[in-house]
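Q:
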Amino acid sequence: MPTTTWQRLDPARRERITAAAMTEFGRHGYSAGSLNTVAREAGVAKGSLFQYFDDKLDLFRYVAETAAQRVRDALAPWLGTLPRDTTYHAFFCGGVLAWVDYFATHPLERGVIAATHLEIDPEVRTAVHEPARRLYTAEVASLARQAVARGDLRADASPDMFAALASVLLPYLAVAPCEPGFEGPVPLYGLPRDELHSRVRELASSLFAGFGPVPA
Numbered sequence: 001m002p003t004t005t006w007q008r009l010d011p012a013r014r015e016r017i018t019a020a021a022m023t024e025f026g027r028h029g030y031s032a033g034s035l036n037t038v039a040r041e042a043g044v045a046k047g048s049l050f051q052y053f054d055d056k057l058d059l060f061r062y063v064a065e066t067a068a069q070r071v072r073d074a075l076a077p078w079l080g081t082l083p084r085d086t087t088y089h090a091f092f093c094g095g096v097l098a099w100v101d102y103f104a105t106h107p108l109e110r111g112v113i114a115a116t117h118l119e120i121d122p123e124v125r126t127a128v129h130e131p132a133r134r135l136y137t138a139e140v141a142s143l144a145r146q147a148v149a150r151g152d153l154r155a156d157a158s159p160d161m162f163a164a165l166a167s168v169l170l171p172y173l174a175v176a177p178c179e180p181g182f183e184g185p186v187p188l189y190g191l192p193r194d195e196l197h198s199r200v201r202e203l204a205s206s207l208f209a210g211f212g213p214v215p216a
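Heads up: the sequence shown begins at 1 in full-length UniProt numbering, then just goes up one per residue.
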């Protein structure tokens with residue numbers, strides 16, 4: 001994680017470095033990402049990066065953590081406590097659609113989530129997946145447990161299994177509608193927003209159906 005020098009840095013300078021690192025790692029991943037490029041685009045000396053972070057992996061981990069926190073903040077209305085005035089199915093689908101809309105308008109964070117999930121180095125992948133795991137397991141599983149308790153999901157439904165499947169679907173939905181080359185049996189790339197939402201809702205409902213009734 002960042003050094004105390006980073007914490008004392010001018011906020012505008014921190015943001016320039018963070019944005020440059022997100023852009024570079026989002027485009028090229030960790031292994032091919034260049035610290036020279038990060039420094040150049042941020043307008044700082046490469047050596048100064050090592051005053052702020054222990055090494056390249058430390059910077060990448062910080063980028064992944066920052067992206068995950070931004071996503072969590074944006075999705076806050078769909079996390080925490082399940083509202084009493086809606087079904088969990090409607091709430092879950094609404095959250096998934098908000099997730100898709102967020103990444104459609106935030107290319108930096110979209111690039112980072114793609115880079116972390118497609119990273120080929122297992123050590124690096126393990127290090128940077130932890131922020132995402134916390135989001136999926138702590139937040140999604142918690143909501144699923146609430147849904148089981150109030151009967152929106154079957155009594156024998158496993159919240160952890162629900163969260164595990166969501167953790168497969170959500171990264172795909174973050175990237176596939178906006179980036180070519182991720183096409184699957186259900187095309188998503190380049191669709192008009194209404195049509196995209198319809199297909200995403202169908203995918204979310206298909207996952208949900210394995211754990212509880214889908215309202216007609």
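From the three backbone atoms N, C-alpha and C, an ideal C-beta is built for every residue, glycine too. In this text, all values refer to a predicted model and were calculated from it rather than measured experimentally.
1) Only counting the same chain, and skipping five residues up and downstream in sequence, which positions put a Cβ closer than 7 Å to that of residue 92?
2) Residue 113 by DSSP, collapsed to three states: which one?
3) Quick one: any contact between the segment 153–163 and the segment 173–193, if contact means 3 or more CB pairs under 8 Å?
4) Among the residues of its own chain, which have a CB less than 7 Å from the CB of residue 21, if the five just before and after it don't count?
5) May I have the straight-line CA-CA distance separating residue 50 from residue 84, to the nearest angstrom?
6) If you measure between the beta carbons of residue 102 and residue 143, is that distance less than 8 Å?
7) Does DSSP put residue 180 in a helix, in a strand, or in coil?
8) Using a Cβ-Cβ cutoff of less than 6 Å, which residues in the same chain neighbour residue 182 once the five nearest sequence positions on both sides are dropped?
9) Based on Cα-Cα distance, which residue from 96, 61, 90 and 2 lies nearest to residue 128?
10) Just how far apart, CA to CA, sit residue 150 and residue 212?
11) Residues in its own chain within less than 8 Å of residue 100 by CB, not counting five upstream and five downstream?
12) For residue 206, which of 90, 191, 138 and 112 has the nearest alpha-carbon?
13) What separation, rounded to the nearest whole angstrom, lies between the Cα atoms of residue 141 and residue 48?
14) For residue 55 and residue 30, I'd like the C-alpha separation in whole angstroms.
15) State the Cα-Cα distance for the pair residue 3 and residue 187, rounded to the nearest angstrom.
16) Are the Cβ atoms of residue 66 and residue 126 separated by less than 8 Å?
A: Once the coordinates are examined:
1) Within the sequence shown, the letter at position 92 stands for residue 92. Excluding positions up to five away in sequence, the list reads 204 and 208.
2) Within the sequence shown, residue 113 is the residue found at index 113, counting from 1. Here residue 113 sits in helix by DSSP.
3) No contact exists between the segment 153–163 and the segment 173–193.
4) For the purposes of this step, residue 21 is taken as the residue at position 21 of the sequence shown. A distance below 7 Å between beta-carbons, with the five flanking residues on each side excluded, links residue 21 to the following residues of its chain, in chain order: 38, 59 and 63.
5) Locating residue 50 in the sequence shown gives position 50, where the first residue counts as 1. Locating residue 84 in the sequence shown gives position 84, where the first residue counts as 1. Using only the alpha carbons, I get a separation of about 49 Å.
6) Against the sequence shown, residue 102 aligns to sequence position 102. Against the sequence shown, residue 143 aligns to sequence position 143. No, Cβ-Cβ distance for residue 102 and residue 143 is not below 8 Å.
7) For the purposes of this step, residue 180 is taken as the residue at position 180 of the sequence shown. The answer is coil: DSSP assigns residue 180 none of H, G, I, E or B.
8) The residue labelled residue 182 in the question sits at position 182 within the sequence shown. So the qualifying residues of the chain are 175 and 176.
9) On the sequence shown, residue 128 is found 128 positions in, with the first residue counted as 1. Minimum Cα distance to residue 128 is reached at 61.
10) Numbered from its first residue, the sequence shown carries residue 150 at position 150. Numbered from its first residue, the sequence shown carries residue 212 at position 212. Near 12 Å, if we compare the C-alpha coordinates of residue 212 and residue 150.
11) Within the sequence shown, numbered from 1, the residue matching residue 100 stands at position 100. So the list reads 173, 174, 177, 196, 197 and 200, once near-sequence residues are dropped.
12) In the sequence shown, the residue the question calls residue 206 occupies position 206. Of the candidates 90, 191, 138 and 112, the one whose C-alpha sits nearest the C-alpha of residue 206 is 90.
13) On the sequence shown, position 141 is the one that residue 141 refers to. On the sequence shown, position 48 is the one that residue 48 refers to. Each residue's CA atom was taken as its position, placing residue 141 and residue 48 some 40 Å apart.
14) Mapped onto the sequence shown, residue 55 falls at position 55. Mapped onto the sequence shown, residue 30 falls at position 30. Spanning the alpha carbons of residue 55 and residue 30 requires a straight line of approximately 12 Å.
15) Here the question's residue 3 lines up with position 3 in the sequence shown. Here the question's residue 187 lines up with position 187 in the sequence shown. Rounded to the nearest angstrom, the two C-alpha atoms are 44 Å apart.
16) The sequence position of residue 66 within the sequence shown is 66, counting from 1. The sequence position of residue 126 within the sequence shown is 126, counting from 1. Result no, Cβ atoms of residue 66 and residue 126 do not sit closer than 8 Å.
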